[in-house]
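Okay, so the sequence shown: first residue is 476 according to the numbering used here, each after it adds one. A virtual CB, placed ideally from N, CA and C, is assigned to each residue, including glycine.
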Amino acid sequence: MMATLYEDTNAHELRTLLEEVHNGVSVLPEFQRDFVWDAPAVAELILSVASNFPAGSILRIRNSKAYFASRGFDGAPPPKSTPTFLVLDGQQRQTSLYQAFYGVGPNRFFIDIGKLMAGEDLEDALFHCRADKQPATRLLPKANSTEARAEALARQAEALVFPLGSLRGSLDAFNTWKGEIIKHRPEREDAVALMNLFTKLDEVASRWIAPIHAYRFPVVTLSDETSAEAICTIFETLNRTGVKLSPFELLTARFFPQNINLRTLWSEAQQRHPTIEEFDLDPYVVLQAITLRVTKPVSVKRGALMNLTGDQIRAHWDDTTKALAEALIFLREECGVTTPKWLPYGSMLAPLAAVVADHPIAAAGAGAGARRARLKCWFWRASLGQHYESAANRRAELDVEQLPAWFAGGAAPDSVTSFRFDPADLEQITPRQRATYRSLMCLVMAGGARDFHSNQRITAALMRANSVDDHHLFPLDFLGETNRRSPNPRFDNILNRTLIDAGTNRSIGANSPAIYLNLIDGVQGRSQVDEILASHGIAGGTCEALRTGAFDAFLERRREYFGSVIDKATTIPSSVVAEPA
C-alpha cells in the first residue's frame, strides 16, 4: 500500500502553533529567507486574525529524518532538542504573530483599550512602535523584576493600554492583565464604576481577544516519508506561485454581477500607465484612493471600502488610476523613489493618489508647482517621521482632509507639523529599519547619485541594467564584522552604505577603501571617481576620510551630510499660491 503524502490536514489553534514556535517544536529550514514583513503588514495580519478572517495556511513536514539543517524562528529561543516540524510555508505569518504576541523582535504592538471601550474599531485602537522607542519604553518593564513589572502595569492601567506582547494568543493572559490593572485604576474606589469598568473590559475581551484565542490556522503536515527532492520541489513551487490574499478579490467578486470587472479595469490601467505596472502595485490601492475621495467624512476603513458602489467605481476609476500614475512619476522624479523596493510606505500611495486626483500636479503653472513643493515636503516629513508606521489608515484620512486646505493657504497637515528627526539616530538606522532607511536612500537618489560604473544618474533602468543595490562603503570584512545575519549597527547603518553596481561591489570585496578606490581610480580617473562620490554626499572631508580609511571621521562627516539634506528636504515652503475656493 502506497504511503500517503499527508500526515495531517486539520486546522490547529493559533496559540498552540505559537507555543510550538516558542518551544522549538516548529522551526525553519536553514535555507528559508529571513523574516521580511514590516510592522504595518504585521498589524494588518493581527486585524485579520482578530476579525476571524482567513489569513492563509501553514505547510510543514515532520522532521524525524532531519533532511535539512534548521534554525528557530526570528526572535524565538534556540531549539533545545531535535525539532518536530519544519515549516515550509507560513514563515512570515507565524513569525509576525509570534513576535507580536510574545513581545519579541524589533517592534511592539499595543491596543488602546480606552478607544475600544468608547466604541471605536480595533483598526483605530491597534498601534505599534519600535521596541526601543516611546511608548514601548514607557509602557513595558525596564527590567525583569517584580518591581519593574508592577511599575509598568501601573503605567498601562493609567493609559488603559494593553501590550499584545503579553497575550501569547490566549484569552487567559488578557483576563490576568485585567485583574492586575484594576488595582491601579481609580474606579476601584467606587463599586458601581468598578463594575462598569469590568463590564466594558469583558465586552472588549469577548469582541476582540476571544477571536484571537479561538483562531485556527489550516495546517497541512507532510509525512516524514516525503522525499528530500519532493520537499525542494514543493518549496520552489511555493516561492514561485505564492499569492498575497487581498480584499481586492472579494470586491472583484462583488462588482462582477454589476458588469464591472475590476481585473480587466486594472489590466487596462496598467497598459495606459506603464509606471503603475513597473511599480507592481496591489490594485487594492485604487479602491482605497476612491474610497478616500467619495466617503464623507473621509474614511478608508474596511467598512467604507465595502460600501463602495458600482456607480462610484465607474465615475472615479479612470481619473484615480491616472492620478496614481502621476503620483508614482512624482515620487520617482522628485523624491528618488526609483523602484518599488525604495518606496518607504506603500500605505502613502492611496492618500497621495486621492489628493492628486482632485488637485493635479502634472499640469504647468504656479498652482501645480506649489502643490508639488508641498507634497515633496509632506513626503519627506511623513516618511522620515515614520508617520505611516502605525495607524496608517487614520493618517491617510487626515492627510486627505488636510493637504487640500494647505494647498489653499491654510494650516499645514499634522503629518508635516509633527515631524521630528534626530540626526543622532542615523548611526542606528540599518536596512532593518526599513521605511526610514529607504527614505534616506531616496534622499541620496533625489540628490542626483550617479552610478559608479557608468557615471550616469541612477535610474530604474540603470538599476536593472547594472544591478545597482545598496552596499557598504567600508566592507564588513574590513571592519572585522563576521555576523552577516545581524551585523553591528555601527557598521551596517545608512552612514556606511550607498548605491553601488554589482561590478564595482565585486571589486570592493573585503578591501579597504584606500585599495578599492585606487583600483577604480585607475580605470576611471580620480577626478571622475571623486565626482561620483560627491553625488552620493561623499565630498571634501568625507571623501578624504573614506580614502584614508578613517572610519570614525567618515561616520561623523556622513552624519553631517545627512543632517544637512534632511533639513533642506523637510523645510516647509514659505510661499503659497492659493487655489480658488
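Classification of Gln1064 by the beta-carbon crowding that lies within 10 angstroms, buried from 16 upward: In the structure as shown, the chain begins at 476 and stops at 1056. Residue 1064 is therefore absent and cannot be evaluated.
Those residues which DSSP pairs with Pro693 across a bridge: The partner list for Pro693 (beta bridge, DSSP) reads Ala486.
Run of the alpha helix (DSSP H) containing Pro988, from where it starts to where it stops: Unbroken alpha helix (DSSP H) run through Pro988: Pro988 to Gln999.
Helix, strand or coil at Leu937 according to DSSP, with G and I counted as helix: If DSSP states are grouped into helix, strand and coil, Leu937 belongs with the helices.
Between the CA atoms of Ala802 and Phe882 - distance to the nearest angstrom: Rounded to the nearest angstrom, the two C-alpha atoms are 16 Å apart.
Residues near Ser865 in its chain [Cβ-Cβ closer than 6 Å; skip 5 each side]: The residues are Phe602 and His603.
Other residues of its chain near Lys617: CB distance less than 7 Å, five sequence neighbours each side excluded: Here the set comprises Ala623.
Residue nearest to Arg1034 in terms of C-alpha spacing, selected from Thr557, Ile904, Glu626 and Val830: For the options Thr557, Ile904, Glu626 and Val830, the alpha carbon positioned closest to that of Arg1034 is the one of Ile904.
Beta-carbon proximity list for Ala935, same chain, < 8 Å, skipping 5 on both sides: Within the same chain, Ala935 has close Cβ partners Glu753, Arg807, Thr813 and Thr814.
Cβ contact (3+ pairs, closer than 8 Å) linking the region 917 to 924 and the region 1004 to 1011: At 8 Å Cβ cutoff, the stretches touch.
Proximity below 8 Å, CB of Ile536 to CB of Leu561: Using a Cβ distance threshold of 8 Å, Ile536 and Leu561 count as a contacting pair.
Sequence-distant residues of its chain with Cβ nearer than 8 Å to Pro450 (five each side left out): A question about residue 450 goes unanswered here, because the residues of the chain that appear run from 476 up to 1056.
Strand pairing of Leu534, partner residues [DSSP]: Per the DSSP secondary-structure output, Leu534 pairs in a beta bridge with Asp564 and Val695.
Residue range of the alpha helix (DSSP H) that includes Arg660: It is not in any alpha helix (DSSP H) - Arg660 carries neither H nor E in the DSSP assignment.
Bridge-paired residues (DSSP) for His834: The partner list for His834 (beta bridge, DSSP) is empty, contrary to what the question assumes.
Proximity winner among Phe953, Thr770, Gly840 and Gln999, relative to Gly984 (alpha-carbon distances): The shortest Cα separation from Gly984 among Phe953, Thr770, Gly840 and Gln999 belongs to Phe953.
Alpha-carbon to alpha-carbon, Cys1018 and Tyr991: Rounded to the nearest angstrom, the two C-alpha atoms are 14 Å apart.
Among Phe584, Glu626, Arg789 and Gly589, nearest to Leu642 - alpha-carbon criterion: When each option's Cα is compared against that of Leu642, the closest is Phe584.
Residues near Leu720 in its chain [Cβ-Cβ closer than 8 Å; skip 5 each side]: Unreliable placement is indicated for Leu720, whose pLDDT of 41 sits below 50; no coordinate value is reported for it.
Proximal residues to His947 (C-beta, below 7 Å), its chain only, five neighbours per side dropped: Excluding positions up to five away in sequence, the list reads Asn971 and Arg972.
Under 8 Å between C-beta atoms of Ile588 and Val679: Result yes, Cβ atoms of Ile588 and Val679 sit closer than 8 Å.
Per-residue burial, Glu505 [other beta carbons within 10 Å of its own, 16 or more giving buried]: Exposed, by the Cβ-count rule.
Opening and closing residue of the alpha helix (DSSP H) in which Leu803 lies: Boundaries of the alpha helix (DSSP H) around Leu803: Gly785 to Cys810.
Element boundaries [beta strand (DSSP E), containing Asn963]: For Asn963, there is no enclosing beta strand (DSSP E), as DSSP marks it with neither H nor E.
Beta carbon of Ala764 nearer than 8 Å to that of Ala832: Yes, the Cβ-Cβ distance between Ala764 and Ala832 is below 8 Å.
Segment limits, beta strand (DSSP E) that includes Ser501: Run containing Ser501: Ser501 to Pro504, per the beta strand (DSSP E) assignment.
Val511, buried or exposed, once every other Cβ within 10 Å from all chains shown has been counted against 16: Val511 should be labelled exposed.
Closest residue to Asn963 among Arg907, Leu493, Glu743 and Thr911 (Cα-Cα distance): Taking only the C-alpha atoms, the option nearest Asn963 is Arg907.
Endpoints, the beta strand (DSSP E) within which Pro638 is located: Val636 to Pro638 is the span of the beta strand (DSSP E), which, as asked, contains Pro638.
Nearest-angstrom Cα separation, counted from Cys810 out to Ile836: Taking the straight line joining both Cα atoms gives about 14 Å.
Residues bridged to Asp945 [DSSP beta-bridge criterion]: According to DSSP, which records beta bridges pairwise, Asp945 is partnered with Leu974.
Same chain only: Cβ atoms within 8 Å of Pro1055, ignoring 5 sequence neighbours per side: Here the model assigns Pro1055 a pLDDT of 46, short of 50, so the residue's position is not dependable, and the following value carries that caveat. So no residue of the chain qualifies.
One or two residues paired with His603 in a DSSP bridge: According to DSSP, His603 bridges with Phe584.
Residue(s) in a DSSP beta bridge with Arg849: Per DSSP, none; premise fails for Arg849.
Alpha carbon of Met477 to alpha carbon of Thr701, nearest angstrom: Since pLDDT at Met477 reaches only 44, below the 50 mark, its modelled position is unreliable, and no value is offered.
First and last residue of the uninterrupted alpha helix (DSSP H) at Phe731: Phe731 -> no alpha helix (DSSP H), and no H or E assigned at all.
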